[in-house]
Every structure is written in structure tokens, then in C-alpha cells.
Amino acid sequence: MMTLENKFSQLKTDPVFILGAARSGTTWVFDIFNAHPKVAGVFESWLFTRDNGVGSLFSPAHWPPGASGLGRFLEREQVLNLTQEMVQRLMSQAIEPEHQFMVEKSPSHLYAIPIIEEIFPQARFIHVLRDGRDVCVSVRAATRSWMPDWQRTFGSSMAASAKSWHDAVRRASNEGKRLGDRYLEVRYEELRTEPISNYRKMFDFCGIPYDDEILQEIFTKTDFDLNFKGGEEKFRRGGRIGDWQTHFSLTDAYKFDQAAGQLLLNKGYVDDARWWRQFWQQKLKLA
């Protein structure tokens, strides 16, 4: 049987985890890090989810009081140590001799941050934030083309998609308050309009070295306009900012506001709680 080598001693820090609501740009941010020559990238391992990852090992059902699972035979510390060794061996397969840092991207790991911290106490977390209205448009396009199964996860309605964005962003923001300087919020829109300065911000946060040549090479490899031709049926539709204004109906705007309007306001994506009424007025004038 093949033995998986644990190469984590080669890394200078615990991994960085990229999180966020689906369709917020987490894959793009992962690509940016993965283009850095010193970074090992692990794409969507889903290792720490509670439903089907190691997070389930730490479910309350396993441990006292009333333990009915592993807690009947093992101490929690034993399971934690074994889990850490297993996770490191699995993730080590991405590490090449030149790598000194690791970045993992699984959007829903934002619901598993406490478990990740137990395994990697110094882990850092990057939350990719995008205007929820553009997120909902992107989710709807995905469910109608290449990812119909997402209807089970996010629902087929605007209200369900908006609530999913709301819950993810609120959870990440709350975790960020607790994590302090191990948490960074990166706005998709700022990354699109000012890529190089945001590369610097992200790499500085992670302690990853860079120079102007590396930054330019990453830009050339990952910039949307240079590398991706969008389309409604493609994974990358084009990454347009404000795309919701083209695709939202009057009903969409109202339903989004009911589910997530206050958070949209709190995050600065609108400066007036009546944004949806203004959108209605614009639409009706053009009709």
C-alpha cells in the first residue's frame, strides 16, 4: 500500500483558506494564489465540512455527555491528532519542492472555521465578498446551464439565493470579528478594478513574498479580460460588475431586498435602503 508523505514541515506557515458565498469569485482568487511560484494550491478539498468531511468527527454526538460514537472508545485529543496527521498527508500531495505556502479553496469551509482552527491553529482566512445581486444572477445562470444540482443547495428562487448569500456573508463577517488579524475580507469588485494593489494586500496578509515581475506574471495569467471569454452557459460568465441591472426583474429586486437588503446596505453596496424602488423607477422609464 502506498504511503502518503507528510511534507508540511516544508511550509513556513499554516495554510490559508479561501472562503465565501458560491459565485463570489473564490475560484478566481484561488487561481491568483496558485499562479505564485511559492504557493501550493489545493482546490475544493471539502475536507472540513460537517456533512461529509472530517468536521463530522467532531459532531457533539461523538463526545460526552451522552457520547454514542467515537467518544466511547477514544479521547477527543486522540482523534484530533490522528485527523491532523491524515489531513496533512492528504494536502501534502499538492506540495512541490519549491513550495513554501499553501492555499486551500472550498467556499463552504466558512461554516467549518472552528474545526479548521483546531487542526491548524495559525490558519488564515480570506473571505471573498461580492455584491449579492451579482452573485444571485450568477447562481441562477449556473443552475440553468452547467450546475442544475445547485437548485437543491441554493433553491430555484431569487429569495432562496439571496438568503444563501446573506447567511454566508453574515457568518463570514461574524467569524472575522473573532479571528482578528487572521481574517481578510477581499472585495471582488476592487480586485477587478485594482488587481495589482489587491494582490499586494492578499500576499502581505499571508506573508508571501513577491516582486513586480511576479505580480505582472500573475496578472497576465489570471486577469478576466485577458483570459476569459464569458457566456451565460460557461463557468466564468465574464465577471461583470453590476450585471444584476441587466438581468434583474422588478420582482427579483424586491425579493432580494426582502431577503438580504439590509446586509447589502451594511456592506456598502447601496447607500439607500430604497435602492430597489429606484431600480423599479429606472426600469419603468425604459419600458
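Residue numbers (the numbering used here): 48 to 334. Even for Gly, the Cβ is constructed at its ideal location relative to N, Cα and C. Remember, it's a predicted structure, so these values are computed and weren't measured experimentally.
Point to revise | Exposed unless 16 or more other CB atoms sit within 10 angstroms - verdict on E280 | key: In the sequence shown, counting from the first residue as 1, residue 280 sits at position 233. Because the pLDDT at E280 is just 45, under 50, the model does not fix this residue reliably, and the point stays unresolved.
**Study point:** Straight-line gap, L312 to R180 (C-alpha atoms, nearest Å)
**Key:** As a position in the sequence shown, residue 312 is number 265, starting the count at 1. As a position in the sequence shown, residue 180 is number 133, starting the count at 1. Those two C-alpha atoms are separated by around 12 Å.
Check your understanding: Are the Cβ atoms of P154 and L273 separated by less than 8 Å?
Key -> Residue mapping note: residue 154 aligns to position 107 of the sequence shown, counting from 1. Residue mapping note: residue 273 aligns to position 226 of the sequence shown, counting from 1. Not a contact, by the Cβ cut-off of 8 Å.
Review point. To which residues of the same chain is M335 closer than 6 Å at the C-beta, ignoring the five residues directly before and after it?
Key: No information on residue 335 is available, as it lies outside the stretch 48 to 334 that the chain covers here.
Exercise for review: Could you check which residue in E241, R287, A307 has the C-alpha nearest to that of A206?
Suggested key: As a working mapping, residue 206 is identified with position 159 in the sequence shown. Of the listed residues, the one whose Cα sits closest to A206 is A307.
Point to revise | Continuous beta strand (DSSP E) assignments of at least 3 residues falling wholly in the stretch 171-246 | key: 171-176, 230-234
Review point. Is G308 helix, strand or coil by DSSP?
Key: For the purposes of this step, residue 308 is taken as the residue at position 261 of the sequence shown. Of the three classes helix, strand and coil, the one that applies to G308 here is helix, per DSSP.
Practice item. Sort Q263, I261, F172 by Cα distance to R218 and report the nearest one. Key: What you label residue 218 is simply residue 171 of the sequence shown in a count that begins at 1. The option with the nearest alpha carbon to R218 is F172.
Exercise for review: Give a yes or no on contact between the stretch 125-134 and the stretch 58-74, applying the rule of three or more CB pairs nearer than 8 Å.
Suggested key: They do not touch, by the three-pair rule.
Review point. At which residues does the beta strand (DSSP E) containing L66 begin and terminate?
Key: Walking along the sequence shown from the start, residue 66 turns up at place 19. From DSSP, the beta strand (DSSP E) with L66 extends over 63-66.
Review point. Beta carbon of V126, beta carbon of V233: below 8 Å?
Key: Locating residue 126 in the sequence shown gives position 79, where the first residue counts as 1. Locating residue 233 in the sequence shown gives position 186, where the first residue counts as 1. Not in contact: V126 and V233 (Cβ atoms no closer than 8 Å).
Check your understanding: Count the other CB atoms within 10 Å of the CB of K268; is the residue buried (16 or more) or exposed (fewer)?
Key -> Here residue 268 refers to the residue found at position 221 of the sequence shown. A residue is called buried when at least 16 other Cβ atoms come within 10 angstroms of its Cβ; K268 does not meet this threshold and is exposed.
Review point. Between G72 and V175, which are expected to be in contact by the criterion C-beta below 8 Å, what is the C-beta distance as a whole number of angstroms?
Key: Counted from its first residue, the sequence shown places residue 72 at position 25. Counted from its first residue, the sequence shown places residue 175 at position 128. G72 to V175, Cβ: 5 Å. Contact.
**Study point:** For G315, the nearest candidate out of Y158, D178, T293 (CA to CA)
**Key:** Along the sequence shown, read from residue 1 onward, the residue named residue 315 stands at position 268. The shortest Cα separation from G315 among Y158, D178, T293 belongs to D178.
Check your understanding: Alpha carbon to alpha carbon, how far is S92 from Q328?
Key -> Residue 92 sits at position 45 when you count from the first residue of the sequence shown. Residue 328 sits at position 281 when you count from the first residue of the sequence shown. So the alpha carbons of these two residues sit roughly 45 Å apart.
Review point. Which residues in the same chain as L226 place their Cβ atom closer than 7 Å to its Cβ, once the five residues preceding and following it in sequence are excluded?
Key: Here residue 226 corresponds to residue number 179 of the sequence shown, with the count starting at 1. Around L226: F172.
Review point. When DSSP labels each residue in this structure, what does E151 get in the three-state scheme?
Key: Taking the first residue of the sequence shown as position 1, residue 151 is located at position 104. It is a strand residue.
**Study point:** Nearest-angstrom Cα separation, counted from G88 out to I79
**Key:** In the sequence shown, the residue the question calls residue 79 occupies position 32. In the sequence shown, the residue the question calls residue 88 occupies position 41. Straight-line Cα distance between these residues: approximately 10 Å.
Practice item. Could you spell out the range, first to last residue, of the beta strand (DSSP E) harbouring F90? Key: Walking along the sequence shown from the start, residue 90 turns up at place 43. Note, F90: beta strand (DSSP E), 86-90.
Check your understanding: What number of angstroms, rounded off, separates the C-alpha of N221 from the C-alpha of F271?
Key -> For this step, residue 221 is matched to residue 174 along the sequence shown. For this step, residue 271 is matched to residue 224 along the sequence shown. Roughly 30 Å separates the two Cα atoms.
**Study point:** Three-state secondary structure assigned by DSSP to T96
**Key:** For the purposes of this step, residue 96 is taken as the residue at position 49 of the sequence shown. Of the three classes helix, strand and coil, the one that applies to T96 here is coil, per DSSP.
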